[in-house]
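Numbering (this note's numbering), first residue to last: -5 to 326.
Every residue gets a Cβ at the ideal spot worked out from N, C-alpha and C, and that includes glycine.
First comes the structure, then the notes that go with it.
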Amino acid sequence: MKYIDYYEVLGIPRTASDKEIKQAYRQLARQHHPDLHQGDAKQAAEEKFKAVNEAYEVLGDPEKRSKYDQLGRNWQTGQDFEPAGTGFAYSTHNTADFDLGGFGFSDFFANIFGQDFAQRRQTGRPASFKGEDIEAEISLSIEELLNGAEKDLHLTTPNACIACAGQRFTSRGVCPACGGLGMTEESKTVKVKIPPGLHPGASLRLKGLGGQGHGGGADGDLYLHIKAASHPSWQLANKADLTMDLTLLPEQAVLGAKIPVSTPHGQLQVKVQPGVRSGQQLRLKGKGLPQGPGRYGDLFLKIRIDIPARLTDEELALYRQIQKLKAPAAEN
């Protein structure tokens, strides 16, 4: 028989995490499920579906994966595989002895895991386990980051398949109810309370809002990742700092002025020094987003000088007077 590279079957590196293995399996199992194909494509999908299930049966089980990884040090894809004489303890037997045919597993699998797999199916695995944790993102306005909010979240949560108790197989083979995924999906809406003082990139753990537990096991948790929504006035510069434009009239830039400025923390009177230039930045310390208990980022005001579109005759006369005053300096 040929050595089978289960990592290659799932399209993942040998360093893949448990989460990456599960994600790859579910994606491929859905893609190649035989019920989604017809004609010649259906037979090819069935073979791929069996291979994907077999790969996950090994790599999704820490004990099986460890045993398989030891074997993988000495074998490569496509090489002839001979259990005897390798110094590794294999189960050399007839696949039919353990009735693995109904599960669609290869002789390669049966020679390594057949007896262990069959005994577990006969005695049964623990029926109680914790529901899956799930992750989601939520965009909050700057005001909501500062003050907190209550939000309705529309979630799709994975629950253990009732027909196979989340094991992906029944006594007849791959579970027809969940298609070998071991789970079904439920859409639900939950109300969550967002505490004040968050910053973009923060994560909240909401206990019990993940996938449903099975057999008395606790429900999984929801990990909510916080993002900042766009704002008409303030732009996010980094994790906690904000920027905004401060528009001045030419005379305000030349002579200085006090300008009312709206910040996330309320309105302030900002003193602009005489002679400020377009593009300069003024820093309002601590007027940005939260970045820890009692600490806030800054708000940076970027100076823009606006030339009025319409001027009165008197204003034009004054500008011409300034022009005349500057003319001798320009000639010199």
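For Ile188, the secondary structure class from DSSP, reduced to helix, strand or coil, is strand. Restricting attention to beta strand (DSSP E) runs no shorter than 3 residues, the region 155 to 226 encloses them at 177 to 188, 197 to 200 and 216 to 222, ordered along the chain.
Going by beta carbons, Leu283 and Leu240 fall outside the 8 Å limit. With at least 16 other beta carbons inside 10 angstroms of its own, Pro152 counts as buried. Apart from the 5 residues on each side of it in sequence, Ile299 sits with its Cβ closer than 7 Å to the Cβ of Leu242, Pro244, Ala247 and Ser272 in its chain, given in chain order. Between Ile128 and Gly204, the gap from beta carbon to beta carbon is short of 8 Å. Contact between Glu131 and His219 is confirmed by a C-beta separation of about 5 Å, below the 8 Å threshold.
The beta-carbon distance between Gly250 and Gln274, rounded to whole angstroms, is 13 Å. This is too long to meet the 8 Å contact definition. Asn47 is the residue among Leu262, Asn47 and Gln64 whose C-alpha sits nearest the C-alpha of Gln17.
Taking the Cβ atoms as the reference, Gly125 lies roughly 23 Å from Ala10, outside the contact range of under 8 Å.
When beta bridges are read from the DSSP output, Ala143 appears opposite Ile188.
Contact annotation: Lys281 and Thr306 have beta-carbon atoms that are not nearer than 8 Å.
Under the DSSP assignment, Gln261 falls in the beta strand (DSSP E) whose first and last residues are Gly260 to Val266. A distance below 6 Å between beta-carbons, with the five flanking residues on each side excluded, links Ser181 to the following residues of its chain, in chain order: Thr150. Following the DSSP letters along the chain, one finds Phe294 inside the beta strand (DSSP E) bounded by residues Leu293 to Ile299. Spanning the alpha carbons of Lys252 and Arg314 requires a straight line of approximately 26 Å.
In the displayed model, Val3 falls within a helix according to three-state DSSP. Here DSSP, grouped into helix, strand and coil, assigns Pro152 to strand. Looking at the backbone, the Cα of Gly176 and that of Lys44 are separated by about 14 Å.
Asp34 carries a helical assignment under DSSP once its states are collapsed to helix, strand and coil.
Bounds of the alpha helix (DSSP H) holding Lys13 are Asp12 to Gln25.
Comparing C-alpha distances from Gly210 to each of Pro194, Asp235 and Ala154 shows the shortest one belongs to Ala154. In the three-state reduction of the DSSP assignment, Glu245 falls in the helix class.
Counted as a single uninterrupted DSSP element, the beta strand (DSSP E) harbouring Leu278 occupies residues Gln275 to Leu278. For Lys320, the three-state secondary structure derived from DSSP is helix.
Under the DSSP assignment, Ala130 falls in the beta strand (DSSP E) whose first and last residues are Ile128 to Leu134.
Counting other Cβ atoms within 10 Å of its Cβ, Glu51 reaches 16 or more and is therefore classed as buried. Val270 has its alpha-carbon roughly 22 Å from the corresponding atom of Gln261.
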